[in-house]
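Numbering (my numbering), first residue to last: 437 to 577.
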């Protein structure tokens, strides 16, 4: 990450059980990572000041490096923390088998229809992320 980027600070805040805004922070991290993943990693992007930026690549890498945090959040007692974390596990965890196991384990502990639907939807998104329609693993050459 570039110096001054907010992700490390946000992860630290989300890790603090005394922080009443943990759910909002985990949702923000999911949003940042999801938005960054949608950008072309080879694309050239500029800040509002006209400076070339690779923040999208850096944020994507940061999310991949911090998947263990999302795994912890997915088992959090607060359902509002768990929900975005479940989606993040499917989006950012590179090991598809591990992501599927984690999400499947959450199904038995899930509370409410919203969380169960997220758990059902996440493996589908994981499959789309890891395999293209031709059955070739994304990133395989």
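We treat Cβ as the ideally placed atom computed from N, Cα and C, and that holds for glycine.
The model shown is predicted, which means the values in this text are computed figures rather than measured ones.
**Request:** Starting from residue 539, follow the alpha helix (DSSP H) in both directions and report where the run begins and ends.
**Result:** The sequence position of residue 539 within the chain shown is 103, counting from 1. 532-545 is the span of the alpha helix (DSSP H), which, as asked, contains residue 539.
**Request:** Quick one: grab the DSSP three-state call for residue 484.
**Result:** For the purposes of this step, residue 484 is identified with residue 48 of the chain shown, where counting begins at 1. For residue 484, the secondary structure class from DSSP, reduced to helix, strand or coil, is coil.
**Item:** C-beta atoms of residue 562 and residue 533 nearer than 7 Å
**Value:** If you number the chain shown from 1, residue 562 lands on position 126. If you number the chain shown from 1, residue 533 lands on position 97. In this structure, residue 533 does not lie closer than 7 Å to residue 562 by Cβ.
**Prompt:** So residue 458 packs on residue 514, CB below 8 Å; how close in whole Å?
**Reply:** Here residue 458 refers to the residue found at position 22 when the chain shown is read from its first residue. Here residue 514 refers to the residue found at position 78 when the chain shown is read from its first residue. Confirmed, about 7 Å.
**N-terminal and C-terminal residue of the alpha helix (DSSP H) that residue 504 is part of** = By 1-based counting over the chain shown, the position of residue 504 is 68. The continuous alpha helix (DSSP H) containing residue 504 extends over residues 503-510.
**Terminal residues of the alpha helix (DSSP H) in which residue 566 lies** = Counting from 1 along the chain shown, the entry for residue 566 is found at position 130. DSSP places residue 566 in the uninterrupted alpha helix (DSSP H) bounded by 548-566.
**Prompt:** If we call anything under 7 Å between Cβ atoms a contact, is residue 518 one with residue 510?
**Reply:** For the purposes of this step, residue 518 is taken as the residue at position 82 of the chain shown. For the purposes of this step, residue 510 is taken as the residue at position 74 of the chain shown. Yes. Within cutoff.
**Item:** C-alpha distance - residue 490 paired with residue 479, whole-angstrom precision
**Value:** Indexing the chain shown from 1 puts residue 490 at position 54. Indexing the chain shown from 1 puts residue 479 at position 43. Straight across, the Cα-Cα distance linking residue 490 with residue 479 is about 9 Å.
**Candidates 468, 507 and 465: closest to residue 541 by CA position** = Position 105 of the chain shown, counted from the first residue, corresponds to residue 541. Comparing Cα-Cα distances from residue 541 to each of 468, 507 and 465, the minimum goes to 507.
**Prompt:** Do you know how far the Cα of residue 470 is from the Cα of residue 483?
**Reply:** Reading the chain shown from its first residue, position 47 is the one you call residue 483. Reading the chain shown from its first residue, position 34 is the one you call residue 470. If you draw a straight line from the Cα of residue 483 to the Cα of residue 470, it comes to about 18 Å.
**Request:** List the endpoints of the continuous alpha helix (DSSP H) containing residue 458.
**Result:** As a position in the chain shown, residue 458 is number 22, starting the count at 1. Run containing residue 458: 458-474, per the alpha helix (DSSP H) assignment.
**Asked** Could you give the distance in angstroms between the alpha-carbon of residue 456 and the alpha-carbon of residue 448?
**Response** What you label residue 456 is simply residue 20 of the chain shown in a count that begins at 1. What you label residue 448 is simply residue 12 of the chain shown in a count that begins at 1. Roughly 13 Å between the two C-alpha positions.
**Request:** Report the rounded CA-to-CA distance for residue 488 versus residue 499, giving the unit in angstroms.
**Result:** Translated into the one-based positions of the chain shown, residue 488 becomes position 52. Translated into the one-based positions of the chain shown, residue 499 becomes position 63. Taking the straight line joining both Cα atoms gives about 21 Å.
**Prompt:** To the nearest whole angstrom, what separates the beta carbons of residue 559 and residue 545, a pair I think is in contact under 8 Å?
**Reply:** The residue you call residue 559 lines up with position 123 of the chain shown. The residue you call residue 545 lines up with position 109 of the chain shown. The Cβ separation is near 16 Å, so there is no contact.
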